[in-house]
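Right, one structure below, let's go through it.
Chains as they are written, first to last, in this note's numbering: chain W, 70 to 650; chain P, 886 to 1461.
Below is the structure:
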């Protein structure tokens, strides 16, 4: 990826609020200038004092001007920071939206490769944490740097020698700071390594705590963790100890401009090279000279942090998107599916090789095969969660790459064994299948799916919020709700990817009865382990090692495929229902 | 500010607290040294205006600055080291405290969620905190201390001007309080906005498949867009209402400066103060607002500290149990529940259960999901302490066992397999440290783990590293090999694991058969086939044992068990 500075990324994301930043910067400049001008009047006051002007009204004008300029400074400061805040929150909002949309349009495989915890972290907390930088960086860094430059130039105009003197302590500080970098690489590496060891140990200790306890190993594992924690802390202290002298000198001397200004200015005065009033005003100005610079440097850390965060977000926004047109080129004629020469692989490993398959509209097809054979992958390709590396998939005669995701998604429902329910009410969850559905329609579909009764038995009924916390819905119950949601969508193609694998028997039989009713007339693709559930399919597709080894009706396959025969026999033996033999 | 420090100190132990206090004392000394600027300036100007200026004067005023600077450097060095040591030290100790605490936390508390949270606190949160902890005292106190000392120094030059400065500083601090209150006013709605965004993003990321297939993105993600917009509005409003106040606050510092200048001019005109003093206090007014400006509000800092401390305390607040009982070698593996009740989160999960399991028998717990059958098995191995009644192993209450010696009796085969990021050999030896090669090989063989020998590194393959990614079924069998090596007397099986494809299922079954041979076997049964051979079946519903007996006996009764079996038959014979 091209390296981009924070500013260019910011401007990209600021979009229509760019103007805010520009005005904010201009206001900041005016504000800084208004902060420097009062020095002129203070200088005037000092000159008058030295000249022994004894009437207070002589000073009145100067004082009023000082106050007026401070007022202007304050006013423009308000304008500047307000605008930058408005822009900052806008940026945060747009950025979040762009990143989330990008995730939805990327291939599922790429999204699933992301760690969901860190995605959440980036999109919530880390974006939010850039707020201070976004809102303050522009006005503050600009004004800090300008304030330093402005004051310095003014100082140079007053007396160029004094101006140069004022930089001496800063130079000493910088040199001292520079010596800190000696050995930096080595210490840095040690600290990074130790931190990594500490984190790894922590992850292992905590995630393995059950095993550690179950095997009575808590003592030794704890000691290992303790050691890692101590080393993780001591390496940083060691590093600091090594660079602390330089650090101390840098921090103490750099802002101490008086250290040079006072004696060297004294010498100039002694030699009659500088008038007393200039000397005094130079001393005065030098006091606030370096603080803004240190302030700006303090932001450097924040800036680089924000930069890291925005690069990460930029990466999310640039995740490869599924190649889909803005407007569908044609709409599917029916619910037939056709797979042509499709190959697919994750990373470097090809898992499907040259798959060809036609599924008639309204037919019911089952994919079977050993685990890892690729049957679920075919289903996911049909569900457009990934794009094939080679070949094409057509629904109703239209290549799915020529359909917008939106149009495509209307045609196909995909139900897997781990469906996600959103942290809203059951009613809203099911309505996601069809955002226009009324409450009555939702309830109606629930009745048909056989979930109405159990939902009504919940304390809050349809208003029960289904989050990972709060409700005590079992896996089977969640599964039933998600199936109702899929049915709400009422698409012409339904894919059931082991949809009932992890449910208990009671739930499973209810689900199956209701499904049979609901999928009538639709094109149905089922992936199942329990072969007995699919023997009546119109077509059974046997997938093995990434190719379609055979397909046909149950009896045909029993006759012609040895693998299928073996699977069937294994299934018959392991079958649960043989209790009453 | 003080509140923030107190919050932070409450987090540290005594030794660290002392280090930080000492650092504050050093910061005060530094502040005093820093204020030596004023006398240096005064001395120089005094000599100039009184006409006694010479090169000596320059040396003298340089000395007035350099000696304190040297002291200040020493103090800064010591204080930096103290804070560095204190900061990293306290986070290190907190990490260890958490690890120590976890040893006493009931096993039942751990699940994927809680473990993820604890890990994140021990790593990320603590890292974030250590970064701040080393600077917090310096950042928070320096500005205030310096300001106070300069004000005191001004009193030395002229008490009236000192008074003006003092009043100004007090007004400034008062505004600090106002700002804090303003901030507090917005805190709850900000939090609400944050939560809204967080829960929406979580939903979005975890439910991304659904988001895609139900077209819930772009213009259809109204719920998230609303939350996002609400967040923007709330935060903008909060910040925009703070900005004028903050600006007035800085304006006040400028006013203090102006007021001091006016008073200085008047006093000078009236001949009360000489020119040197007047110049010094005017310069002093600039020093005051330089140091006031550096005080800042630290609102972000205190937010981070608060969150870090809260998170750590949340973990340390998990109730522990006493685990240091007797080492007891069990003679039998008879298990008995006497009137056991157990609630979690105020919800009663086990309700007055009494049952007996004879040593070396094979029993099953059957029941709808959520009935409590898993919890009963957990209670046997004291994953939780029961609130009423008692659980007895070999006639002895499980609470009276040393936890390690209790655990020696149990092996669990659960759905979530955890193997350490270490070699296969070391993972197995976890169960028996001094296991011979022969024993390891035997366990691997019994658990159908022949695949291990086909790996390039054999049993020295590191699990989880690139290239050696083993399948779920293989990891499962490795964990059974580990269990075989442990050779405990009781095996608790969660049959949910058996839901694998036929090919793997056979191997897994063989492995489990090897593991459970001649053991007391307790299974949480999802499949009824295995249940048939059990010596006793407990049917659990709503936390109670509602039926018990052998398969044939239960099939003769009308009840959950029979209905279950029939349902199951239905499900299996279901065809599309």
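Idealized CB from N, CA, C, for every residue including glycine.
Quick one: is residue i near chain P, going by C-beta distance under 8 Å?
i	result
residue 480 of chain W	no
residue 440 of chain W	yes
residue 556 of chain W	no
residue 393 of chain W	no
residue 332 of chain W	yes
residue 302 of chain W	yes
residue 586 of chain W	no
residue 365 of chain W	no
By Cβ distance, which residues of its chain are closer than 7 Å to residue i, with the 5 residues on each side in sequence left out?
i	result
residue 671 of chain W	With chain W running from 70 to 650 in the structure shown, residue 671 of chain W is simply not present.
residue 972 of chain P	1015, 1018, 1019
residue 1212 of chain P	1287, 1290
residue 1169 of chain P	923, 1035, 1039
According to DSSP, is residue i part of a helix, a strand, or is it coil?
i	result
residue 1180 of chain P	coil
residue 467 of chain W	strand
residue 342 of chain W	coil
residue 525 of chain W	helix
residue 1287 of chain P	strand
residue 268 of chain W	helix
residue 889 of chain P	helix
residue 1110 of chain P	helix
residue 1209 of chain P	strand
residue 326 of chain W	coil
What residue does the alpha helix (DSSP H) around residue i start on, and which one ends it?
i	result
residue 1327 of chain P	1322–1331
residue 607 of chain W	No alpha helix (DSSP H) holds residue 607 of chain W; DSSP gives it neither H nor E.
residue 205 of chain W	200–205
residue 1259 of chain P	1258–1265
residue 322 of chain W	287–322
residue 1106 of chain P	Where residue 1106 of chain P is concerned, there is no enclosing alpha helix (DSSP H), given that its DSSP letter is neither H nor E.
Short of 8 Å in beta carbon distance, which residues of its chain neighbour residue i, apart from the five on each side in sequence? Order them along the chain.
i	result
residue 1420 of chain P	1243, 1246, 1247, 1248, 1435
residue 902 of chain P	894
residue 1096 of chain P	1089, 1102, 1106
residue 122 of chain W	128
residue 471 of chain W	394, 397, 398, 399
Could you say which of the options lies nearest to residue i if we only look at CA atoms?
i	options	result
residue 1018 of chain P	P:979, P:1033, P:939	P:979
residue 406 of chain W	W:480, W:516, W:135	W:480
residue 298 of chain W	P:1008, P:1099, P:1028	P:1008
residue 306 of chain W	W:203, W:491, W:263, W:552	W:263
residue 591 of chain W	W:107, W:432, W:242	W:432
residue 291 of chain W	P:975, P:1027, P:983	P:983
residue 553 of chain W	W:180, W:495, W:616	W:495
residue 1112 of chain P	W:163, W:130, W:311	W:163
residue 1279 of chain P	P:1222, P:886, P:1156	P:1222
residue 270 of chain W	W:258, W:300, W:246	W:300
residue 441 of chain W	W:253, W:596, W:236, W:229	W:596
residue 415 of chain W	W:450, W:434, W:491	W:450
Within 8 Å of any Cβ in chain W, is that where the Cβ of residue i sits?
i	result
residue 954 of chain P	yes
residue 1053 of chain P	no
residue 1351 of chain P	Since pLDDT at residue 1351 of chain P reaches only 47, below the 50 mark, its modelled position is unreliable, and no value is offered.
residue 1433 of chain P	no
I'd like the list of long-range same chain contacts for residue i, defined as Cβ closer than 6 Å, with 5 residues on each side in sequence excluded.
i	result
residue 1172 of chain P	1035
residue 1266 of chain P	1295
residue 646 of chain W	Caution is warranted here: a pLDDT of 43 is assigned to residue 646 of chain W, below 50, making its placement in the model unreliable, and no coordinate value can be reported.
residue 104 of chain W	142
residue 459 of chain W	412
residue 932 of chain P	938, 942
residue 191 of chain W	381
What are the boundary residues of the beta strand (DSSP E) that includes residue i?
i	result
residue 428 of chain W	418–428
residue 618 of chain W	616–621
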